[in-house]
Amino acid sequence: MVKLKSLVTGLVIGLLLGLWGGVNIGKGQPLYANPFTSKSVPDTVRDAGKELLRESGEALEKGGEALKEKAGADQ
Numbered sequence: 343m344v345k346l347k348s349l350v351t352g353l354v355i356g357l358l359l360g361l362w363g364g365v366n367i368g369k370g371q372p373l374y375a376n377p378f379t380s381k382s383v384p385d386t387v388r389d390a391g392k393e394l395l396r397e398s399g400e401a402l403e404k405g406g407e408a409l410k411e412k413a414g415a416d417q
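Note that our numbering numbers the sequence shown so that position 34 is 376, with each residue one more than the last.
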């Protein structure tokens with residue numbers, strides 16, 4: 343009976359810790375963060391702006407490289 347009780351207790355604790363970590367991973371947060379907090383709107387907008395700026399910079403670099411290749415081929 344003691345083994346069954348410890349097994350059930352271990353399963354419940356493992357389930358809770360796994361759920362905690364799984365929710366945080368799904369939200370893109372560190373494992374130790376509180377899974378019940380939500381990201382604030384300014385943080386979400388800031389992250390989206392950073393991503394947009396990075397992607398636009400990459401697109402400009404690719405366009406510049408294509409122009410250099412085209413200019414080199416025309417000479």
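The C-beta atom is built at its ideal place from N, Cα and C for all residues, glycine as well.
**Request:** Given a cut-off of 7 Å, decide if L353 and G363 are closer than it, judged by their beta-carbon atoms.
**Result:** no
**For K381, the three-state DSSP class (helix, strand or coil)** = coil
**Request:** Report yes if the C-beta distance between V365 and P384 is below 7 Å; otherwise report no.
**Result:** no
**Asked** By how many angstroms is the C-alpha of V387 removed from the C-alpha of A415?
**Response** 42 Å
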